[in-house]
Each structure stands twice: as C-alpha cells, then as structure tokens.
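The structure appears right after this line, and notes come after that.
There are 2 protein chains.
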Amino acid sequence: MRNPKSNVQNPKLKVAVLGAGNGGHAIAGHLALKGFPVKVYNKFEHEIVHMRERGGVTLEGAVEGFGPLDLVTTDIAEAISDADVIMVVVPAFVHRFMAEVCAPYVHDGQIIVLNPGRTGGALEFSKVLKEKSVQAKVLIAEAQTLIYACRISGPARVWISGIKKRVPLAALPATDTPTVMEIVHPLYPEFIPAANVLETSLDNIGAVFHPSTVVFNLNRIEAGEEFDFYRGMTPTVTHFMEAIDRERLAVARAFGLKMESAREWLLNTYEGVQGETLYECIQSNRAYAGIKAPKSLNVRYIFEDVPTGLVSIASLGALAGVSTPACRAIVDICCVLFDRDFWREGRNVENLGLAGMSVEGIINYVNTGERN
Amino acid sequence: MRNPKSNVQNPKLKVAVLGAGNGGHAIAGHLALKGFPVKVYNKFEHEIVHMRERGGVTLEGAVEGFGPLDLVTTDIAEAISDADVIMVVVPAFVHRFMAEVCAPYVHDGQIIVLNPGRTGGALEFSKVLKEKSVQAKVLIAEAQTLIYACRISGPARVWISGIKKRVPLAALPATDTPTVMEIVHPLYPEFIPAANVLETSLDNIGAVFHPSTVVFNLNRIEAGEEFDFYRGMTPTVTHFMEAIDRERLAVARAFGLKMESAREWLLNTYEGVQGETLYECIQSNRAYAGIKAPKSLNVRYIFEDVPTGLVSIASLGALAGVSTPACRAIVDICCVLFDRDFWREGRNVENLGLAGMSVEGIINYVNTGERN
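In the order they appear, the protein sequences are chains A and B.
Our numbering puts the first sequence at residues 1 to 372.
Our numbering puts the second sequence at residues 1 to 372.
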C-alpha cells in the first residue's frame, strides 16, 4: 500500500507534464524551479524544440527564474513511466488523446491531474482508461481551472501574469480526493478540495462567457477586427449569458450542488467589481480591460467550450430533467456554423460513461466510485 | 354574381389602404395619383396626421406627383365599407390585428391583398376571419413582396427608389387567383400569378438573410455602430444562411414547389451579381452597397422575420418531416435573447390553421379551398 505521507516529505516527487502550451510551459517551468524533477511530453516536436535545446523554461512575471527540465520528449512512455504525478495541461478536447496514449504505461499509485478538467474531464479520462482495459490503480483528479494566468512569451519562455490563490480540485471518486490533495500539496498548496468532479466540472464559467460572445460577435471576429472581448458583451449578450448561467446552476442543483452564479463569481474573484446584473459586473471588472477578442473563429472559446462545456451541461440537464434551451441553442448554432456534430462528438452523458444512470446513481458514482 | 370584368373597366375601383408606414404611403399615394379613390386607415392617429392635413401624399423618385386621398382615418369601418380592394400594407405581425378589426365590416366580393404576406399571411388572415365567424365571401390574396422600394422622406411624403417589375401574387385558394389578378390588374399590372400561397409564402428571402445577420452581428447592432448590413454577411454567416436556405427549399419541395435558391434569386434579380457561393453573390451585388445595418435590435429583421418566417418554415417542415436545424437554432436563440416564445406566438401550423393536416391535405386546401 502506498503511503501518501512519504511523498509529501519527499522533495523528489517526480512530475510528468503532458502538453507544452501556455499552461504546460508554466507548470513545467515552475515545478522545476521549485526543485521537482520534471519531464515534459508533447505530441508535436516543433512545440518543444526550444525547451529541449535550452534544457528548461524561463519564467517571467509573477515568478522569475529558470526551471531546468529532466526530459523533453514526444515519447509518452519515457515521460510518464516513473512519474508520481502526471499533470495533463491541454485543451479539454485533447484529454481523450492523452488518456489513450497514457493507457499502456500508467501504473499503480500514479496520480493524474487534469489542469483543468473542464466539464467532464476526469469522467472522460477514466472512461478511456476503462475502454483500454487499464488495470493499474491510478488516481484521476481534475482542477476547476488552470492555476496560472500565463502566456508563452518567447522560445521556452513564459510570462506568468498571475497565480490563483485557490484552485478547487476533486478526484474521481471523491473518496480519493484527500489522498490526491495530500500528495500534490507540495507541488501546489493552492489546491483546495471540491465536493466531487461534478462540482469542478459544472463550475465552468468559460462555457457561460465564451461561446455566446463569439456567436454574437461572429462577424467582427471573423473579420479580424480588434476589439476588447469583454466590451463585446453587450446588455443583450449578457442577458443571454445569464440564461445559460441559470441553466448551469439548475443542472448543478439537480446533482445536489449549490454553486456560485457567474455574477457572484465575478464579485468574489475580482477587486472592484460591482453591479446588479452580469452586464454591470463584467463592465466594471478592470481585470478584463484590454483582453482582446480572438481574430479568428478557430478558437477554444468554441471548440473547447462547446463540446466540453455546453454539450455536457445540456446533456447532464437532459438526463436530470432540467431544460437548457439557451445552452442548446448555442450548440445547435455552432453545429451549423462549423459543420460539426458537437452533440455527438462532445462530452454528452454517453461519452462521459454516464448513459442510462439515474441522477442519484451518478452522484453516488462520482462520490464513491460504485455503480449501482 | 360579381363580374370581375366590370371592375377592370371601372376607373373608379375603390381602394382602402390599411397601414401608413413606408409601403402604406407609397401604395396610397401612387394609386391616388393613378386616379383611384383611396381611403387610408391606420391604428395610430399620429402616423396619419400629416396625410390628413395635406389631403394626400407627395411622391418623389421613381414616381413624382401628389396623390390626393379621399379619407384618412382611424375608423376601420369608414375606411373599408365601400372598398373594392383592401390593400393591407403592414408588418406581417400586424396581419392578425388587421383581420380582427376588418372582420365586422367586410362584405361579399371585396378583395384583400396582403403586401406582402410574408410566410403564411393569407392563411392567418383567413383563419382569423373564420374565428370571427365572418360569413362574407371575401377573396384573400398575398403578394410575395412589397411592390416598392421606398422610404417616408418627410411629412406625408415618400421617396420611391424603385418599383419591382414583377410581383408574384396568389389567392387562397389558388382557384381565386385568376379573379383577383383580373380585378387588381388596373391597380398594379406588375402582379403576376403564383402557384398558390405556399409559393408566395415560402419565397421569403428576408427570413434567410435577416435574422442570421442580426444574430451574428448582434453586438455591433446593439451598440449602434454604423456598418453596411450586407458587408456584415461574412463567409461563416452566409454559410449559415445557405443552411437556412437549403431547409427552406426542402420544405418547399415537400409541398410540391420548386423554388429559386437565395443565390439564384440574387443572380436573377440584380445586375452584375456573380459568384459560386451565396457569399460571393451578396458581396458582388452593388445594389446592396450603402444599405446600413439597423442601429437597434428592435427590428422587423427579428420581430417579423422570425415569427412570420423561420417559425413557419420550421413548423411546416416538422409537419412534412423535413428537418430544419438551422432555422430552429436561430428561433431558439431569439426566444432567449428577447424573452419571447416565438414558437408559440409565431405562425406555426396551429396558428396557420393547418394543424393535423397532411402535406397532401394542405396542398389541396391552398389550391382548392377544400379541407378533406
């Protein structure tokens, strides 16, 4: 039996970071700078060539320094074989791929943390490992959000503009959360326990904010016009977002969770936010000033937040008998706009491994791991 | 028995014009200028006060002159009691109101023409008269579009920028179309017979072009930004419009109608239009240059084209087993955006008096007036 305590006291807790985007650079560099042995895996060689050449990642901003990496590789086996903790730091639509490539190499006691899971990340990752007949007893957890606000600022270099003080994290099942928390604490004391993965999953503010704003600003985004993304959230757009948010909260309630509204989240997260409506709260948030809209429609605001956000919320809602017309309308629109069947390919209850279960059955499953 | 021939030769064919917007000004003024006795009815006094004070309408542009009116009134009975032809010239969402106020006063042989009917105008008008137990044998017809391109340009003054050469018109049932055509010919030789009211109704290009463009430009329209409406139709927006157009054509086909696509309509209607895609055809249409987008969301592009356009197409499609996901998605979005139940209040098959009928039954009804 693995003893988590031993890891907590072990400065050599070994980390694999899967993914080399903004978040991958930040997590790999910062954990290496903190003294942990870190290996980085990425599918595409061209995205890690600078990391390998320089032997690590330079951090700037809220953290300054150089984090030396033990290995930078496109070989997943090399990256994860001896890892204690596997940090998955990729868009949610890549979680399935990461689970598939990890499946042959994971072993008992390893901890896999999705940074973040978006809606249903841990459920999907777990389902893929089962599909691949993985017998190893790995612990799978998902964070509610990425711990950093960061951007790659040069070759093997990342700008950290902020580190969140508290990031909720839950394991699947929730009975594993204390073990995971204890082991990952030396890496990130910022992690705090969430009730279960439904809580981390449904606390998806991006799914509320992003797809609607892209759809209702589609023309100017496609035209590559420069504008402040959050100023693009006019009263009518935010009125629509409030409808999506109410649906999200209603689905959460159906699964026994009382969650913050998007408006409450703004009020509780940022300094100086005020207002009775979501519109007022967004417009009064100085932290949003200057964040530019994307200049193309090929963005995670659609291709992540729809299939691993709105689809999951609507599908869980349908299972629970909660109506989600606003979520559904945006998904339907995006299916036509982008010639994709997000309903089928996205994280619906079938793809999350929850089809045919009752609400109570799902709650019990995410809490205990038992399917009854 | 009324003899249509006698009317054709009667220069005193009496006309009532219901509505005093752009189209009402143009039709009332022009028919009066042509020498017909014209009475104008409008619900709101303030919209007709100038017409009454000046005793008529001044026409500018493609037609120049002054059309003297016999009566300008808010009293529907006065307006229509002795009319041979009642020209209804209001947004389609006002057709129900006009049918309700006309119901007590219509009499045998009167002809009612909706300019235009949009989708389902004649069907709705007829249903309302039946609901009101009207026994008079009136002939109801709908035009496919408004005969004029025009704008009110001052008090009791209208600018006619163009007169369409051919405007399809159909009576309900189609067996009445020849009679209606013969009687209205002295008023407008531009009217040509359509197959039936399903053809005039489903030939609704506005429903294809307008709501999608508003939704995907919602932010800038709400912000009151000045931009060229048709330049707001980017490749992705027009890709969506093509999906709506395919659905419209599929619904028409299910009802036995072969119709022009929106792209074909552009190529056949305007000089100099060219392109393989709807996007190219729109962008090459010089006639669209300079047509500004609305500066508010409270526009007929939504509040007419959704309930009396997309709702009807989708509802007729559902009855005929034709899937209309793009139409439905826009309607769903607009229901949430504007807190309206367009599905219920719009011209669905129930509100058109067609619920429970088969496709064949509906075709037979619009062609012959028989419900079997």
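Glycine included, each C-beta is placed from N, C-alpha and C at the ideal position.
If you're wondering where the values come from, they're calculated on a predicted model, not measured in any experiment.
By the criterion of at least three beta-carbon pairs nearer than 8 Å, the region 153-170 of chain B is in contact with the region 185-199 of chain B. Against chain A, the CB of residue 220 of chain B has a partner CB under 9 Å away; the residue lies at that interface. The alpha-carbon of residue 289 of chain B is positioned some 51 Å away from that of residue 88 of chain A. For the options A:297, A:277, A:273 and A:293, the alpha carbon positioned closest to that of residue 286 of chain A is the one of A:273. Under the 9 Å criterion on CB atoms, residue 329 of chain A is classed as interfacial with respect to chain B. Using a Cβ distance threshold of 9 Å, residue 311 of chain A and residue 342 of chain A count as a contacting pair.
Residue 211 of chain B has a beta carbon lying at 9 Å or more from every beta carbon in chain A. Not one beta carbon of chain B lies nearer than 9 Å to the beta carbon of residue 310 of chain A. For a Cβ distance threshold of 8 Å, residue set 332, 335 and 336 of chain A lies close to residue 325 of chain B, ordered along the chain. Boundaries of the alpha helix (DSSP H) around residue 312 of chain B: 311-320.
The beta carbon of residue 346 of chain A sits no closer than 9 Å to any beta carbon of chain B. Rounded to whole angstroms, the separation of the alpha carbons of residue 248 of chain A and residue 18 of chain B is 47 Å. Under a criterion of Cβ atoms nearer than 7 Å, the residues of chain B adjacent to residue 236 of chain A are, in order, 218, 222, 297 and 337. In this model, residue 42 of chain A and residue 138 of chain A are separated by some 21 Å (Cα to Cα). Taking 9 Å as the threshold, the shortest C-beta distance from residue 94 of chain B to chain A does not fall below it. The Cβ of residue 208 of chain A sits no closer than 9 Å to any Cβ of chain B. Bounds of any beta strand (DSSP E) do not take in residue 253 of chain B; it lies within the alpha helix (DSSP H) bounded by 235-254. Residues of chain B whose Cβ lies closer than 8 Å to the Cβ of residue 243 of chain A are, in chain order, 336.
Within the region 31-99 of chain B, the complete beta strand (DSSP E) segments at least 3 residues long are 38-41, 56-61, 65-68, 71-73 and 85-88, listed from N- to C-terminus.
For the C-beta of residue 251 of chain A, not a single chain B residue is nearer than 9 Å; the gap to the nearest is close to 16 Å. Between the region 91-106 of chain B and the region 122-130 of chain B, the count of C-beta pairs closer than 8 Å reaches three or more; the two stretches touch.
Here residue 305 of chain A really is in contact with residue 206 of chain A; their C-beta atoms are around 5 Å apart, less than 8 Å. With a cut-off of 8 Å on Cβ pairs, the region 212-221 of chain B is in contact with the region 232-245 of chain A, counting three or more such pairs. Chain order gives the chain B residues near residue 240 of chain A as 336 and 337, where near means a beta carbon separation below 7 Å.
Under the Cβ criterion of 9 Å, residue 232 of chain A is counted among the residues facing chain B. From the beta-carbon of residue 215 of chain B, the residues of chain A found nearer than 9 Å are 215, 216, 218 and 333. Taken atom to atom, the span from the alpha-carbon of residue 255 of chain B to that of residue 267 of chain A is near 54 Å. Straight through space, the alpha carbons of residue 323 of chain B and residue 211 of chain A are spaced by roughly 24 Å. The residues 113, 169, 171 and 180, in chain order, have a CB closer than 6 Å to that of residue 141 of chain B in the same chain once the five nearest residues on each side in sequence are set aside. Between the beta-carbon of residue 83 of chain B and that of residue 16 of chain B there is about 4 Å, and that keeps the pair under the 8 Å contact cut. Between residue 37 of chain A and residue 110 of chain A, the alpha-carbon positions lie close to 15 Å from each other. Just so you know, the alpha carbons of residue 188 of chain A and residue 232 of chain B end up roughly 47 Å apart. Of the other Cβ atoms in all chains shown, 16 or more fall within 10 Å of the Cβ of residue 14 of chain A; this residue is therefore buried. Excluding its 5 nearest sequence neighbours in each direction, residue 66 of chain B has C-beta neighbours in its own chain below 6 Å: 56 and 58, listed in chain order.
Burial check for residue 223 of chain A: the Cβ neighbour count within 10 Å stays below 16, so the residue is exposed. Taking 4 residues as the shortest admissible run, the region 168-243 of chain B contains the following complete alpha helix (DSSP H) segments, listed from N- to C-terminal end: 177-184, 197-202, 205-216 and 218-222.
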